[in-house]
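Note sheet for the following structure.
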Amino acid sequence: MDYFFTEQQQMIIDTAREITNEKIIPVRAELDEKNQFPREILEDIAKADLFSIFVPEEYGGLGGGCFEIVLAMEELARGCVGVATSFAASALGIFPVMIAGSDEQKEKYLPDIASGSRWAAFGLTEANAGSDASGIRTTAVEDGDFWVLNGTKQWITNGGESQIYSIVALTDPSKGPRGASIFVVEDGDPGFSYGKKEDKMGIRSSATRELVMKDCRIPKDRLVGRRGTGFITVMKTLDMSRPGIASLGIGLAQAALDEAVTYAKQRVQFGRPIISFQAVQHMLADMAIQLEAGRALVYAAAKHIDKHPKDMSKASSMCKVFATDMAMKVTTDAVQVLGGYGYMKEYPVEKMMRDAKILQIYEGTNQIQRNVVGQELNKEYS
Ligand code: COS
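Set out below in structure tokens:
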């Protein structure tokens, strides 16, 4: 379907597509098997200037919006959701600075993020605070010209690989969500270290690790935004990033559909290619229909967010739910079309199905997204 991309948008797609075809697809199975972080591919992505898409022009970026990010992520995810997640995590990690940071913080961090010379990560989740994000226990206490952070963040994408971390901590624990603030912690800061590295079902090339802060002392100017406004910034950050996760579902489902159709045209049973059987055709048709509906919703949501940045939540959550539930279904059906071969690691759809699962879980489970949509409806109709 023609989505009437601008010249710049088409260039972003073409650039990401080239990286996917030449750098990602040839090594994705190996990265998956070895649990290996795609450092070199991220360096190629940096050279191709894709990290600059989401950074404002005044800080060396392309000044693209949510729509441009979505286009790049979709293409990268067509190759490997683990690699695309590693790319996406840098955007997620720096969004708090873009949303609430001071001019000095933006000048200090954004040009490096745009060039891809440093990567970011987002430290919100803790062992006892997942969906209930305001249940975090990490604290930040003022001490002269410093903040002292204590706590452990869990399942942090790009943990141990990034150099810049946006960490959510309680500055006034008695105030709940209104007592949270965000800080930039840098790799090498005293008292900051990396803990357990996770062994995951899918997106195995992405790094998922604990961040440990033990009397971690950081200068006062690392506070992002005003003290106590961290939770609102977290929510805005997630509103901005969730369409990106949706687009990973689109790229992944496209890859699964491509594999399924190609296989169905070649596989002969009962003397005919299996694509000639209506049972298979209907499965493929449903996959294609759901995929295109998801893509249209993600693009529409991203465009809405770019035009109405104060009204992101519903569009963002809607597209995250639809596109990632769709990706789970389409990748599962792709395995079904390939039958026994689909279940084997020799064929890529097995990895695709494993990769799809996390999309329904991270950056807010799809149950939480439905809560957000429901709450927004409640407000709209009051
Ligand atoms: N934009 C701006 N502000 C928002 C917001 C948004 N999208 N969503 C909520 N807020 C504000 C609320 O208005 C409220 O502010 P006040 O206290 O001033 O009224 C505050 O944030 C708390 O909101 P709420 O009461 O809805 O929070 P809960 O404690 O019920 O928590 C959350 C529910 C929002 C945490 C839950 O729905 C959620 O999104 N969980 C998923 C978290 C997540 O994505 N984790 C994965 C991170 S992986 S990177």
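In terms of our numbering, the sequence shown opens at residue 374 and continues consecutively.
The beta carbon of each residue, even a glycine, is placed where N, CA and C say it ideally should be.
This structure is a prediction, so every number in the text was calculated from the model and none was measured.
Between alanine 674 and methionine 691, the gap from beta carbon to beta carbon is short of 8 Å. If you ignore the 5 residues before and after glycine 496, its C-beta comes within less than 6 Å of the C-beta of Lys526, Ile529, Tyr538, Ile540 and Leu584, all in its own chain and listed in chain order. With a minimum length of 3 residues, the unbroken runs of beta strand (DSSP E) contained wholly in the region 417–497 fall at 493–496.
Annotated as distal: asparagine 531 and alanine 637, with beta-carbon spacing of 8 Å or more. Isoleucine 472 and isoleucine 734 have their C-alpha atoms some 24 Å from each other. Comparing alpha-carbon positions, the option among Pro550, Asp476 and Asp485 lying closest to threonine 511 turns out to be Pro550. DSSP links proline 646 through a beta bridge to Val641. The Cβ-Cβ distance between leucine 449 and threonine 379 does not fall below 8 Å. Nearest to serine 620 by alpha-carbon distance, out of Ile398, Phe440, Glu413 and Arg412, is Phe440. The residue among Arg491, Lys702, Thr697 and Ile397 with its C-alpha nearest the C-alpha of glycine 617 is Thr697. For glutamate 583, there is no enclosing alpha helix (DSSP H); the enclosing beta strand (DSSP E) has its first and last residue at 581–592. Beta bridge pairing from DSSP links glutamate 499 with Ala502.
Rounded to whole angstroms, the gap between the alpha carbons of arginine 412 and cysteine 589 is 27 Å. In the displayed model, glycine 549 falls within a helix according to three-state DSSP. The region 475–491 makes no contact with the region 602–616: fewer than 3 CB pairs, one atom from each, lie closer than 8 Å. For asparagine 523, DSSP records a beta bridge to Thr512. Closest option to proline 546, judged by alpha-carbon separation, among Phe695, Glu632 and Phe604: Phe604. Separation of arginine 582 and threonine 458 (C-alpha to C-alpha, rounded to the nearest whole angstrom) is 14 Å. Of all alpha-carbon atoms in Ile741, Tyr567 and Ala542, the one lying nearest the alpha-carbon of glycine 598 is that of Ala542. Between the alpha carbons of glycine 747 and proline 646 lies a distance of about 45 Å. Serine 535 carries a coil assignment under DSSP once its states are collapsed to helix, strand and coil. The C-beta separation of lysine 730 from glycine 575 comes to about 6 Å, placing the pair in contact by the 8 Å criterion. For threonine 498, the CB falls within less than 7 Å of some heavy atom of the ligand COS. Assignment of isoleucine 734 by DSSP, reduced to helix, strand and coil, places it in the coil class.
In the DSSP assignment, serine 755 falls outside any alpha helix (DSSP H) and carries neither an H nor an E.
In the three-state reduction of the DSSP assignment, isoleucine 529 falls in the strand class, which pools E and B. At least one heavy atom of the ligand COS falls within 7 Å of the beta-carbon of valine 745. Looking at the backbone, the Cα of leucine 630 and that of tryptophan 520 are separated by about 50 Å. With 16 or more other CB atoms across the displayed protein chains lying within 10 angstroms of its CB, arginine 668 is buried.
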